[in-house]
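To keep things clear, I will list the structure first and then write my remarks on it.
Number of protein chains: 2
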Amino acid sequence: MILRANDQIVHKAAWLYYTHNLRQDEVARRLNISRASVATYLRKARETGIVSIAASTQLFSDDILARRLEDALGLDAVWVVTEDRQALDPATEIPVVAASAFLELVQSGSRIGVAWGRTVYHIADVMSYADVQDATVLQLCGNLGAPYNYRPDQCTMEIARRLNAQGINLYAPLILSSESLAADIRSEPVIAEQLAAISACDLALYSVGSVDKDSHIVRCGALTADELAALGEEGATGVIGGQLIDADGQLMDCAYNRRLISADLDAVRAIPRRIMVVAEDSKFDALAAAIRGGFVSHLVVTASMARRLLDLWDTQSQTTP
Amino acid sequence: MILRANDQIVHKAAWLYYTHNLRQDEVARRLNISRASVATYLRKARETGIVSIAASTQLFSDDILARRLEDALGLDAVWVVTEDRQALDPATEIPVVAASAFLELVQSGSRIGVAWGRTVYHIADVMSYADVQDATVLQLCGNLGAPYNYRPDQCTMEIARRLNAQGINLYAPLILSSESLAADIRSEPVIAEQLAAISACDLALYSVGSVDKDSHIVRCGALTADELAALGEEGATGVIGGQLIDADGQLMDCAYNRRLISADLDAVRAIPRRIMVVAEDSKFDALAAAIRGGFVSHLVVTASMARRLLDLWDTQSQTTP
DNA sequence: ATGGTGATTTGACAAATGTCAGAGCAATCG
DNA sequence: CGATTGCTCTGACATTTGTCAAATCACCAT
């Protein structure tokens, strides 16, 4: 698609200003427009991702705690958000760091799998706009029927919009009333094709869900709190793309899981870079399960969570030397 | 490596200013320093790649000519630098566009092969600093013994410096006096290992050399103008990483080529993304040979060169329907 | 202690940038 | 055909940012 003449001037202004370091009045003279227009165009260029400005996330990854976590848990990269950072609330900072870290890993041509949840939605919300037109953003799990604030398709589409990339939604419900219907839908060519495409992703972005009454699968109505509690008794420890996993990160063998339309967990594990973002400390057990299950290669967590993980792995390695 | 406390404040200032969009005076208050210091730190952050600012190169790739070239020659992406762009000299613009396009393709963890020449050096020179610490920049061919302005190791190291990445030089001469010595050196473990590592690259950046008296292999003293002219008679059409190729882009079977220490051309062809940058229109034949030989997936050229290539491919496809 | 040295930080000013009300202009509609 | 609507563009002003000489600080050798 050729640039509209209208956008062309925004690109030109951005190129001259940011790449050639001309001043706004020089750009204005070159393009025969007023300097005020140049300023407007440049803002538009920043807001739409024609110009991308990214600050390094080293501040969060170059940290003793982060290094120790990488080594102990065998992760590729860890970002630790420290509580005491100049009055910035870690809860709001986690999605910001995650968005920056994510953007550092995205590149032209990437295929990105995205799950859903409050955390993922917040990440999308604070993500700055970028220009990766030939990237593709895939939805990792089916949709919720009920209106819910952080729907899978919303997360996927919002991230695609921020990247100026193509978003591909999975047009199937997350949960169906019967196992057989779920199986039928899963084998529908359109759906099967899309689920298969997930294994071609090179990047995944998700959080893990907890197994308690605040879990998003309860909030969105997929399960009642009592049903989830019962599954918790049976060993359910976390939620990945809607699916329940046990403490070792293996798919639970239960009717609920069989009623879902979601990414095959082995396909998810096969994605080379899996960014896990956890904002709430209450998700500790779920996160540990996700790490054991091989769902994490890149991790964004709070310092307190990092310390707890480190302690857990230390005791683990002592008991199983 | 943990950040020095000194750099830490630069990172913090950059993070607050660019990611959180605070004003300089707000950043100053948060960090308990003067606003002037904040301004200084921010400049430092921009100059060192802690903050990267990139304008989209769409202006050059979203162009009818570029699209037609992609289709006709089967290339992944083409950037065309149009002559009439607001008094910007295309000769200086080519390296700028190439540097931006290159940076859009680089990502954390990339392994990048770099050849040498005036064009590549100019690209390195105008390239803005970036923060891709875990990238690796490899030298694709041996070094010149004689002092020369655009040495392979300089190109490699300068690009590595700009990216804050690791640069790996090939500590061998480009050309040796005898074929047997070249063979011996090639099989030295240290060198053999490095040459083998080239096939693991995921990105290559180079230009093609012409076969005439201005060729860089003549200028750097690897061959005399007469010797090169004689090889030209035998069919030599272009130069890739010091090696002579014929009009079809195949390695010339000649003593000169056997005396070289350089990347195996099949390994180069196997690199998934090969960015070819040609600034001079006189390199037309050499470029056509390089394209035929499969050395190009991404191309940066002038509009006039693009038109000539398009014409050539049109006549080719007419004669061989 | 003390003076020197180089690097860092600051205050004050100059320069550049952001903003917004109103002008201008093109397309659309009655 | 003129009025209306919805744009973009501009000029003028307010705000923000860049710069640099001078001050301060940290460190070191005497």
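Heads up: the sequence lines are chains B and R, in that order. Note that numbering that gives the first Met the number 0 gives residue 53 to position 54 of the first sequence, counting from 1, and the numbers run on in steps of one. Note that numbering that gives the first Met the number 0 gives residue 16 to position 17 of the second sequence, counting from 1, and the numbers run on in steps of one. Built from N, CA and C at the ideal position, the CB exists for glycine as well.
Within chain B, the residues that residue i reaches when beta carbons sit closer than 9 Å
i: L104(R); result: Q106, S107, G108
i: S33(R); result: Simply none; closest approach about 16 Å.
Under 7 Å by beta carbon: chain R residues contacting residue i
i: S51(B); result: A53
i: Y17(B); result: I52, A54
Closer than 8 Å to chain R by CB, residue i
i: V295(B); result: no
i: M304(B); result: no
Host alpha helix (DSSP H) of residue i (start-end)
i: G231(B); result: 224 to 232
i: S51(B); result: Unbroken run through S51(B) is the beta strand (DSSP E), 50 to 54; no alpha helix (DSSP H).
i: L264(B); result: 264 to 268
i: L30(R); result: 23 to 30
i: L162(R); result: 151 to 162
i: D284(B); result: 283 to 291
i: L72(B); result: 63 to 72
i: V80(B); result: Here V80(B) belongs to no alpha helix (DSSP H); instead the beta strand (DSSP E) covers 76 to 80.
Status (buried if at least 16 other CB within 10 Å, exposed otherwise) for residue i
i: D367(R); result: Nothing about residue 367(R) can be reported from this structure: the residues present for chain R run from 0 to 320 only.
i: G73(R); result: exposed
i: A199(B); result: exposed
i: A35(R); result: exposed
i: A224(R); result: exposed
i: A195(R); result: exposed
i: K11(B); result: buried
i: P89(R); result: buried
i: G48(B); result: buried
i: Q153(R); result: buried
i: K212(B); result: exposed
i: P172(B); result: buried
i: D183(B); result: exposed
Where residue i meets chain R, residues with beta-carbon distance less than 9 Å
i: S99(B); result: W14, T18
i: V37(B); result: Under the 9 Å cutoff, chain R gives no residues; its nearest Cβ is about 13 Å from V37(B).
Contacting residues, own chain, Cβ-Cβ under 8 Å from residue i (five flanking each side not counted)
i: L230(R); result: V210, L222, L243, M251, C253, Y255
i: S303(R); result: E82, D280
i: S177(B); result: R258
i: R306(R); result: L64
i: S96(B); result: First, the amino acid is wrong: residue 96(B) is Val here, not Ser. The residues are T56, F59, W78, V80, V299.
i: L309(R); result: L64, R67, L68, A71
i: L104(B); result: L202, R272, I274, H297
i: D263(R); result: L194, I197, S198
Same chain, Cβ closer than 6 Å to residue i, five either side skipped, listed in chain order
i: D284(R); result: T236
i: A44(B); result: V9, A13, V50
i: L169(R); result: Q138, G141, Q193
i: E92(R); result: V80
i: P94(R); result: H121, I122, V125
is_contact[residue i, chain B] using C-beta, thresh 8 Å
i: V210(R); result: no
i: V299(R); result: no
i: D130(R); result: yes
i: V113(R); result: no
i: V95(R); result: yes
Nonlocal neighbours in the same chain, by C-beta distance under 7 Å from residue i, ignoring five residues either side
i: A266(R); result: I197, S198
i: Q249(B); result: G292
i: S33(R); result: A27
Boundaries (first-last residue) of the beta strand (DSSP E) holding residue i
i: T301(B); result: 297 to 301
i: V113(R); result: 110 to 113
i: A203(R); result: 202 to 205
i: Q165(R); result: 165 to 167
i: R273(R); result: 272 to 276
i: D245(R); result: 242 to 245
i: T135(R); result: 135 to 138
i: V238(B); result: 237 to 239
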